[in-house]
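Under this note's numbering, think of the first position of the sequence shown as -11, with each following residue one higher. Glycine is no exception: its CB is placed at the ideal position from the N, C-alpha and C atoms. So the structure is just underneath, and the comments pick up after that.
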Amino acid sequence: MSLSGTASRLLRILGAIASLSLFAPGGAIAGPGHDHGPEAAPAAAVASPRITAGSDQFELVGIVEGEVLVIYLDRFASNEPLTDATIEVTINGTTHKAEAQSNGTYEVTTPALKQPGSLEVVADIRHGETTDLLVGSLTIPSPAAATAARASGWRGIVTRVQQEVSTVRPTMLVAGAPLLLGLLIGLGFRSRPKLVIGISAIAFLVMATTLSFAHEGHDHGGAPASTQGNAPHRRPDGSIFLPKPTQRLLEVRTEIVAPQEASPTVRFAGRIIANPNRSGQVQGTIGGRISTAGNGLPRLGQSVRAGEVLAFVQPSFLPVDAATLQQTEGDLEQQIALYRSRLERQRVLVERNAIPRQSLEETEIQLRGLERRRTELRQSKVVPEPLTAPVDGVVAEVRVSIGQVVSPADILFQVIDPRSLWVEALVFDQINPGDIRTATARLPDGQVLTLKLVGRSRSLQQQSTLLQFEIENAPSSLDIGTPISVIAETGRKLTSIVLPRASVTQAPNGQSVVFQHRDAEVFVPRPVRMEPLDAERVLITGGIETGERIVIRSAPLINQVR
């Protein structure tokens, strides 16, 4: 095949590829910013008509469900539901008494709620000795408006399709121009096939580049975002819509924050130890083999009393010790035989009054002593040593098994009193131990312990001071050796906003945030600076102001709303 024929064939192949690329859907790959807006939802959820009203005492939210107005009444400051109030609702001049429901809401039924238009609503609230009048407006949409809202999602899809089509047309024109230029140059240079191939390849690359990339910022907008109706959701501005039914389910509680005096704290690591006065270790004084006390070895966690036998140590001897005992026993047998013979002769002499009776009595005493020593020596080979509990409590450690051979230095059991435990902590230079006023500890599961300082070391251990605290409210589930965080409070005073530790959560970007209850059903994340105050509270040093309503319960659950 000639070179010119090869060039002609290559040109035909490139032209075919370029032609297919012109009609391929989605042929343009957008660069940064070259998008066509967010994907439209298949259909828009329509929020129920609602009314919100509030005062410094109460906060009211009414949600329309057909001909029924469901009323949620809470305390303004704490968001605590009020289920025993008396509410009279006036709608366009007609007064209705709200009926209390078993789920903590109130209901008003009237056909006026199905008539499109704006309704003036006045709620007369009485709770105990407190009365209040809340005024608001309620807008009932027409059926045509509701249908239009539901259809807004489909309009977004149609709009995006139109934008895509309008984008493809100029792309085809721009991409076809380099290809056409390459073909024209090829017709003019038929005698130079290599030049034709090069020019055609360059034209194809220009075409591919035109199809593949778009300049930054070249977007076409998008359809309006559709509402999510009554469902909890996070809005584009970062605020969270949390309807009242969901707030009741999550038990959301708030507090109007104000500065208060508090003492800064210092946190350091510690661990739980047994009270040395209410615990003890069990060791044997002889070596031997472990045997049970009749009911088997004590189990972990078993309650025992002081002096209760836990096990026995059957004595065992080395061959050298056994030979020594045997030699000692032989010497005793020989002495006993001599003293018995002497005793018989002295009895005869005493009967003849040849010697005084005192000599006979002394021999009898010496004989009984030798026999007692022989008995004790024989018993030392077979009598086990009892291992008894040193204090009342529970068995915390069992380090033996039946038949195990132990030595006098082995720790066999540990008994502790779980109602009396201490905390041991190491303090470096964070705080002067003499300045500690109160202390608390936080367990890994979040449980808080109240501590009382009982002692400190006067010698440094690895450049740190050892502190010991008594747990005043020790739960029975605590385990020896559990690591904990000790939070100690000094006498220094500061004035700032104090919040429960549970009110601070972590935003997706890693910031520490609290949630401001801005409107009845709207919560806004607020980044804050904080430092620990104790095991249950934190000191807010920046990010929120006095008088704002801040969530103090269920903040992590609100943070999960997307």
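- Boundaries for Arg236: no beta strand (DSSP E) harbours it, while the alpha helix (DSSP H) harbouring it runs Lys232 to Leu238, taken from the DSSP string.
- Between Arg222 and Ile228 a beta carbon distance of about 5 Å is seen, short of the 8 Å cut, so the two are scored as contacting.
- The C-beta distance from Glu87 to Glu95 rounds to 5 Å, short enough to fall under 8 Å.
- DSSP lists no beta-bridge partner residue for Tyr327.
- The beta carbons of Thr242 and Ser66 sit closer together than 7 Å.
- With a cutoff of 7 Å on beta-carbon distance, Glu53 and Lys102 are scored as not near each other.
- Under the 10 Å beta carbon count, Gly258 is surrounded by 16 or more other beta carbons and is classified as buried.
- The beta carbon of Ile404 is closer than 6 Å to those of Ala262, Ser267, Gly381 and Ala384 in its chain, skipping five residues each way along the sequence.
- Excluding five sequence positions before and after Pro496, none of the CB atoms of its chain fall closer than 8 Å to its own CB.
- For Ile546, the enclosing alpha helix (DSSP H) stretches over residues Ala543 to Asn547.
- Leu466 sits in coil when the DSSP states are folded into three classes, being neither helix nor strand.
- Straight through space, the alpha carbons of Phe64 and Glu47 are spaced by roughly 5 Å.
- With fewer than 16 neighbouring CB atoms inside 10 Å of its own CB, Ser90 falls in the exposed class.
- For Gly531, the secondary structure class from DSSP, reduced to helix, strand or coil, is coil.
- Residue state for Leu400 is assigned as strand, using DSSP reduced to three classes.
- For Ile128, the uninterrupted beta strand (DSSP E) segment begins and ends at Thr118 to Ile128.
- Annotation for Gln248: the continuous beta strand (DSSP E) segment containing it runs Pro247 to Ala250.
- Counting along the chain, the unbroken beta strand (DSSP E) around Ala413 starts and ends at Leu409 to Val415.
- The segment 384 to 400 and the segment 270 to 283 touch, with no fewer than 3 CB-CB distances between them shorter than 8 Å.
- For the options Gly92, Leu365 and Ala377, the alpha carbon positioned closest to that of Gly295 is the one of Ala377.
- Glu364 has its alpha-carbon roughly 49 Å from the corresponding atom of Pro463.
- A check of alpha carbon separations from Thr478 across Arg425, Ile79 and Asn461 identifies Arg425 as the nearest.
- Excluding the 5 residues flanking it on each side, Ala476 has same chain C-beta neighbours closer than 7 Å at Thr253, Val254, Ile419, Ile424 and Ala427, in chain order.
- Straight across, the Cα-Cα distance linking Pro104 with Pro131 is about 8 Å.
- Leaving aside the five residues that flank Val442 on each side, the residues in its chain whose CB is nearer than 8 Å to its CB run, in chain order, Trp410, Gln456, Phe457 and Glu458.
- DSSP, reduced to helix, strand and coil, places Ala490 within a helical segment of the structure shown.
- Shown here for Pro231: same chain residues with a beta carbon closer than 6 Å to its own, the five before and five after excluded, namely Asn218 and Glu509 in chain order.
- Within the same chain, and ignoring the five residues on either side of Gln334 in sequence, the residues whose Cβ sits closer than 7 Å to its Cβ are Ile343, Ser347, Leu348 and Thr351.
- For Asp62, the enclosing beta strand (DSSP E) has its first and last residue at Val56 to Arg63.
- Per DSSP, Pro378 lies in no beta strand (DSSP E) segment and is marked neither H nor E.
- Pro374 sits close to Val297, with the two beta carbons spaced by under 7 Å.
- It is roughly 16 Å from the alpha-carbon of Val110 to the alpha-carbon of Ile128.
- Spanning the alpha carbons of Ser408 and Ser473 requires a straight line of approximately 19 Å.
- In this structure Leu126 is in contact with Pro37, their Cβ atoms being roughly 6 Å apart against a cut-off of 8 Å.
- About 37 Å separates the Cβ atoms of Pro303 and Ile260, ruling out a contact at the 8 Å cut-off.
- By the criterion of a C-beta distance shorter than 7 Å, Val415 is surrounded in its chain by Phe256, Pro421, Ser452, Thr453 and Leu455, once the five residues flanking it on both sides are discounted.
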